[in-house]
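Going line by line, the protein sequences match chains A and B.
The opening position of the first sequence corresponds to residue 1211 in this note's numbering, with each subsequent residue numbered one higher.
The opening position of the second sequence corresponds to residue 15 in this note's numbering, with each subsequent residue numbered one higher.
Even for Gly, the Cβ is constructed at its ideal location relative to N, Cα and C.
Report on one structure; see the data block that follows.
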Amino acid sequence: MTDVPVNAEATTAAKIADGLEKRLGAGEIKVQSTADGIPTFWLPRGSAHRALAYLKEDVDHPYRMLYDLTAIDERMRTHPEGPPASDFTLVYHLLSFERNQYLRIKVPLSVDQPEADTATDLWPAANWYEREVWDMFGLRFRGHPHLERLLMPKTWVGHPLRKDHPARATEMGPFHLPDEKEAAEQEAMRFRPEDWGMHRGGDGEDFVFLNVGPQHPGTHGVLRVVLQLDGEEIMDAVPDIGFHHRGAEKMGERQSWHTYIPYTDRIDYLGGVMNNMAYLMAVEELAGIVVPPRAQVIRVMLCELFRIISHLVWYGTFAQDLGQLSPVFYTFNDRERAFGIIEGICGARMHPNWFRIGGVAQDLPKGWDVPIRDFIKYLPPRLAEYDTQVMRNRIFKSRTQGVGAFTTEEAIEWGVTGPGLRACGFEWDFRKKQPYSGYENFEFDIPVGSHGDCYDRGAVRVEEMRQSLRIIQQCVDNMPEGTYKSLQPLACPPLKDRTMHDIETLITHFLGVGWGPVIPPGESLRAIEATKGNNGYYLVSDGSTTSYRTRIRTPSFAHMQMLPRLVRGHMIPDLLAVLGAMDFVLADVDR
Amino acid sequence: MTSPYPFASIFGILIVALSLSAALIWVERRLLALWQDRYGPNRAGPFGLLQVLADMIKIFAKEDWIPPFADKAVFVIAPAIIMVTVLLSFAVLPIAPGIIVADLNIGLLFFLGMSSLGVYSIVLAGWSSGNKYSLLGGLRAAAQMMSYEVFMGMSLMGVVLLAGSFNLTTIVEAQSKLWFVIPQFLGFILFLIAGVAEARRLPFDLPEAEAELVAGFHSEYSGMKFGMFFVGEYLGITLISAMIAVLFFGGWMGPWLPPIVWFFIKVFAFLCFFILLRASLPRLRFDQLMSLGWKVMFPLALANLVVTGAIVTVFK
Chain A
1211 MTDVPVNAEA TTAAKIADGL EKRLGAGEIK VQSTADGIPT FWLPRGSAHR ALAYLKEDVD
1271 HPYRMLYDLT AIDERMRTHP EGPPASDFTL VYHLLSFERN QYLRIKVPLS VDQPEADTAT
1331 DLWPAANWYE REVWDMFGLR FRGHPHLERL LMPKTWVGHP LRKDHPARAT EMGPFHLPDE
1391 KEAAEQEAMR FRPEDWGMHR GGDGEDFVFL NVGPQHPGTH GVLRVVLQLD GEEIMDAVPD
1451 IGFHHRGAEK MGERQSWHTY IPYTDRIDYL GGVMNNMAYL MAVEELAGIV VPPRAQVIRV
1511 MLCELFRIIS HLVWYGTFAQ DLGQLSPVFY TFNDRERAFG IIEGICGARM HPNWFRIGGV
1571 AQDLPKGWDV PIRDFIKYLP PRLAEYDTQV MRNRIFKSRT QGVGAFTTEE AIEWGVTGPG
1631 LRACGFEWDF RKKQPYSGYE NFEFDIPVGS HGDCYDRGAV RVEEMRQSLR IIQQCVDNMP
1691 EGTYKSLQPL ACPPLKDRTM HDIETLITHF LGVGWGPVIP PGESLRAIEA TKGNNGYYLV
1751 SDGSTTSYRT RIRTPSFAHM QMLPRLVRGH MIPDLLAVLG AMDFVLADVD R
Chain B
15 MTSPYPFASI FGILIVALSL SAALIWVERR LLALWQDRYG PNRAGPFGLL QVLADMIKIF
75 AKEDWIPPFA DKAVFVIAPA IIMVTVLLSF AVLPIAPGII VADLNIGLLF FLGMSSLGVY
135 SIVLAGWSSG NKYSLLGGLR AAAQMMSYEV FMGMSLMGVV LLAGSFNLTT IVEAQSKLWF
195 VIPQFLGFIL FLIAGVAEAR RLPFDLPEAE AELVAGFHSE YSGMKFGMFF VGEYLGITLI
255 SAMIAVLFFG GWMGPWLPPI VWFFIKVFAF LCFFILLRAS LPRLRFDQLM SLGWKVMFPL
315 ALANLVVTGA IVTVFK
């Protein structure tokens, strides 16, 4: 697959720059070098769309996936990075599977003309990303079919991720709800199918609109899906998200680099410390910290344990969505055992907040390997039992096979990663393809499906649990000795025994703990194979104790956007099968 | 052979049926818990036996709420229908020699008729609630009834042919040498499946389908009106189990033990089977259920009837 070696990034960047220059004309492109080495180009607003089209369709080994699209409010920068003056910068992250490489396109916009061309004609996935940018930054996209707020309420005033928007309620003045405001809020909630891009009927037939959620037993949290029904057949479905939006990205601009870690735990709240991983890798990249081998293996071990924990929740609830009542109790029971291990090591269960900049919070406790070895022995027979009960059940098969299927090409168009992508038969796992934290040293297989339907998505996850057990086994057998946290001064909090020797180490410690480390200016995108797909953190540092911009690219957001495409023409029960097989977490969708 | 003490039989069966189905709620919760590695209700009274009583008190004490958007009269009548039709079916059920309310010569037809009427309760409840989820539940119930009533009746015709009567007591007595489950095994399987669908239990609980339709047809019901659906459902399961025992497993017949004990043992065994089904199977989809009913079950029931008829004709 990888035709271009990864270490040849500089030359590929030059080649792409040449290609773009030829396409757009000389002097249009400016190249920026970044901490993460991802080829980064600044393009003027007028030619960005042509450049994106070129990169997606025409360049050799094209960048087929719109991995992420976001913006940066540059107006408060003290260390502006690029030559072009910019008030708001649109940032496109593209991913080429053939090159196994990301690409970053930046488009400067001025505050007087906050507008760019839409990319929805190139990627259907651009739709929600552009709406999010409009919602959060107030940047418009010409030609977007439905540029409405996505995460914030319709009546919200202002654009939260602009630097001049308050970050806390206490900065906003007391809240009042006079009668006319209440009436206006109520009116804004009135359901009009046309506002959602649906139509009421015609030709003598009326459609039924069914509101599924935000309180509904099948939506796994506060998700609302509005269905346009003909009988029980779904003509159209529109997900309404944002109920779980807590402004995690805005909080990133307020917390110090260190104190933001617990917030990441709560993004994919079933993934526990796995969330810390992508964030910390990006911070460590900026700080130039090398994580010691023992910390790396501990991180891998806990991440894989959390992958199993997350998949067990999925397994039980998926079966429950299809009406099977028992498996959820069995899998939660197993999950409880895994939590026992997590609790023994980290002291907490669901959100241990246990990784640190440069390593992990503590060394492993004495006898840590015993419960893990027990668990490795315990789980496989249980999984075999669930296979008989769930995956080989004929009713279960008939409910999931051929339901909500998509192809690899569609998956890439929509930004699908993780088990959903592998279920199409595309063997792509970021742990193998872009190894991080020492994954290249482990032996494990990438399970793939072939039909891309709900059943295959399930089968891939079930097999992933077995592979995770293999990885954990290798971690237990080969745990390196050494320190659990880097000795680099920016590692935070610094190891205590290195603080009392002289005034210099004491000051470093004092500042690191009091203010938090000052991370050098720069930007970095690091992504991992999280439980649900590719989870990436794009961090921009302005050389201070807090992040200038924290962008969280979550898999569930992209997957949820594909929902209408998956359920159209199916029936209501299939909606539940598709949602169950998608394995989303609402906090991961809304952040 | 009508009961010598009609009133004693009526009240006896009424009280036993109602308390049995109430107790069944406890049995189901405990059994499900056992199979799902958890405890179930175990706080109120010994083994949590008083849980049902506590629930009853709660449900009686609740506000009797009718949503403003509901069709009031129908909304109130619907839960009564299911209670009445299921309890009426118990009237023709021969529990033991002499213990029967009405020994009708068309007992089996009466049972089929009542169970067909029972579905009106669901459909009307779904329609009158003024809620789209309820409506979908009611529609599903109607479609389910269409697909299942037909082969339910058809699957029992083999039994009728062998016994030569629609009278349930006669049917039981005809099994004194051989239980009908053996010559009518296919009929038994078909009736069992239809019975599960009739009782709206997993994997055929589509009108309710809590993951999809919240609570389906009874989403808007609360208090005792909900309680009637709830008890009605358990009465329905008890009735179907009893019918299986009567039609295929020799009713009260069995060695050593008194007839009534045999009857209850058999009924209890099928009740447990129903609960086990709920603990193990996922739910079918609406269209899958329909095509199973019409394309598989119906032809099989028809074939069963034809073959049984041919054999009976040849050997008589």
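Discussion item. Looking at chain B, is there any beta carbon in it that lies within less than 8 Å of the beta carbon of A:Gly-1428?
Written reply: yes
Item to complete: Count the other CB atoms, across all protein chains shown, that sit within 10 Å of the CB of A:Pro-1690; report buried if there are 16 or more and exposed otherwise.
Response: So A:Pro-1690 ends up on the exposed side.
Discussion item. Please identify, using Cβ separations under 8 Å, the residues of the stretch 31-58 of chain B that lie next to chain A, in order along the chain.
Written reply: Leu-46, Trp-49, Gln-50, Asp-51, Arg-52
Worksheet item: Looking only at C-alpha atoms, which of B:Pro-273, B:Gly-209, B:Ser-305, B:Glu-222 sits nearest to B:Phe-288?
Response: With distances taken between CA atoms, B:Phe-288 lies nearest to B:Gly-209 out of B:Pro-273, B:Gly-209, B:Ser-305, B:Glu-222.
Worksheet item: With distances taken from CA atoms, which of A:Glu-1514, A:Val-1523, A:Tyr-1747 is nearest A:Arg-1641?
Response: If we check each option's Cα against that of A:Arg-1641, A:Glu-1514 comes out closest.
Item to complete: Using only alpha-carbon positions, find the residue among B:Pro-217, B:Gly-265, B:Ala-225 that is nearest to B:Ser-190.
Response: It is B:Gly-265 whose Cα lies nearest to the Cα of B:Ser-190.
Discussion item. Taking 7 Å as the limit between beta carbons, can you name the residues of its chain near B:Leu-319, skipping five residues before and five after?
Written reply: Here the set comprises Met-168, Met-171, Gly-172.
Discussion item. Applying the 10 Å Cβ sphere with the 16-neighbour rule, what's the burial state of A:Asp-1213?
Written reply: Note on A:Asp-1213: pLDDT 44, under 50, position unreliable in the model; no value is reported.
Worksheet item: Within 8 Å (strictly less), CB to CB, does A:Gln-1396 reach chain B?
Response: no
Fill in: Where A:Arg-1609 meets chain B, residues with beta-carbon distance less than 9 Å
Pro-296, Arg-297, Leu-298, Arg-299, Gln-302
Worksheet item: Going straight from the alpha carbon of A:Asn-1485 to that of A:Ile-1552, what length do you get?
Response: 15 Å
Practice prompt. Determine, using beta carbons only, whether B:Pro-217 comes closer than 8 Å to chain A.
Written response: B:Pro-217 has a beta carbon lying within less than 8 Å of a beta carbon in chain A.
Worksheet item: Is B:Met-238 closer than 8 Å to B:Asp-78 when the C-beta atoms are compared?
Response: yes
Worksheet item: Closest to A:Gly-1557 by CA distance: which of A:Tyr-1277, A:Tyr-1525, A:Trp-1578 is it?
Response: A:Trp-1578
Item to complete: Starting from A:Met-1772, trace the beta strand (DSSP E) both ways and give me its first and last residue.
Response: Premise fails: A:Met-1772 is in no beta strand (DSSP E) and is neither H nor E.
Item to complete: Out of A:His-1303, A:Arg-1255, A:Leu-1332, state which residue places its alpha-carbon closest to the alpha-carbon of A:Ser-1296.
Response: Check the Cα spacing between A:Ser-1296 and each of A:His-1303, A:Arg-1255, A:Leu-1332: the tightest is with A:Arg-1255.
Practice prompt. Take every Cβ of the stretch 1618-1632 of chain A, pair it with every Cβ of the stretch 1761-1774 of chain A, and state whether three or more of those distances are shorter than 8 Å.
Written response: The stretch 1618-1632 of chain A makes contact with the stretch 1761-1774 of chain A; the number of CB pairs closer than 8 Å reaches 3 or more.
Discussion item. Considering only their Cβ atoms, is the gap separating A:Arg-1350 from A:Ile-1248 smaller than 8 Å?
Written reply: no
Worksheet item: Any Cβ of chain A within less than 8 Å of the Cβ of B:Val-310?
Response: no
Discussion item. Can you find the residues in the same chain that come closer than 6 Å, C-beta to C-beta, to A:Thr-1541, ignoring five residues on each side of it along the sequence?
Written reply: Leu-1522, Tyr-1525, Gly-1526
Fill in: Between the CA atoms of A:Phe-1528 and A:Ala-1245 - distance to the nearest angstrom
Approximately 41 Å between the Cα atoms of the pair.
Worksheet item: Is the beta carbon of A:Glu-1442 within less than 7 Å of some heavy atom of the ligand NAP?
Response: Inclusion of the ligand NAP in the displayed structure is not the case, the ligand content being empty and no account of it being possible.
Worksheet item: When you compare only the Cα positions, how much space is there between B:Asp-51 and A:Phe-1539?
Response: Spanning the two alpha carbons is a distance of roughly 7 Å.
Worksheet item: On the premise that B:Met-242 lies in contact with B:Phe-205, defined as a C-beta separation below 8 Å, what is that separation, rounded to the nearest angstrom?
Response: With a Cβ gap of about 26 Å, B:Phe-205 and B:Met-242 do not count as contacting.
Practice prompt. Check the Cβ of A:Leu-1532 against every Cβ in chain C and list those closer than 7 Å, keeping chain order.
Written response: Of the protein chains in this structure, namely A and B, none is chain C.
Practice prompt. Use the C-beta contact count for A:Pro-1562: other C-beta atoms within 10 angstroms, 16 or more gives buried, fewer gives exposed.
Written response: That one is buried.
Item to complete: Look up A:His-1303 in the DSSP assignment and say whether it is helix, strand or coil.
Response: Three-state result, A:His-1303: strand.
Discussion item. Do A:His-1369 and A:Asp-1800 count as a contact pair if the criterion is CB distance below 8 Å?
Written reply: Against a cut-off of 8 Å, the Cβ pair of A:His-1369 and A:Asp-1800 comes out as no contact.
Worksheet entry | CB contact below 8 Å: B:Leu-126 versus chain A | no
Worksheet item: Is A:Leu-1496 closer than 8 Å to A:Ser-1734 when the C-beta atoms are compared?
Response: In contact: A:Ser-1734 and A:Leu-1496 (Cβ atoms closer than 8 Å).
Worksheet item: In chain order, what residues of the same chain have a beta carbon less than 6 Å from the beta carbon of B:Ala-317, not counting five sequence neighbours either side?
Response: Within the same chain, no residue comes within 6 Å of B:Ala-317 by CB-CB distance, once the 5 residues on both sides are set aside.
Fill in: Per-residue burial, A:Tyr-1588 [other beta carbons within 10 Å of its own, 16 or more giving buried]
exposed
Worksheet item: Would A:His-1780 be called buried (16 or more neighbouring beta carbons within 10 Å of its own) or exposed?
Response: Under a 10 Å Cβ-count criterion, A:His-1780 is classified as buried, with 16 or more other Cβ atoms of the shown protein chains found around its own Cβ.
Discussion item. Quick check: is the beta carbon of A:Ala-1807 nearer than 8 Å to any beta carbon in chain B?
Written reply: This structure does not reach residue 1807 of chain A, given that chain A is present from 1211 up to 1801, and the question cannot be answered.
Worksheet item: What does A:Phe-1251 pair with, by DSSP beta-bridge criteria?
Response: For A:Phe-1251, which the question treats as bridged, DSSP gives the partners A:Val-1241, A:Ile-1315.
Worksheet item: From B:Pro-221 to A:Leu-1532, what does the alpha carbon distance come to, in whole angstroms?
Response: 14 Å
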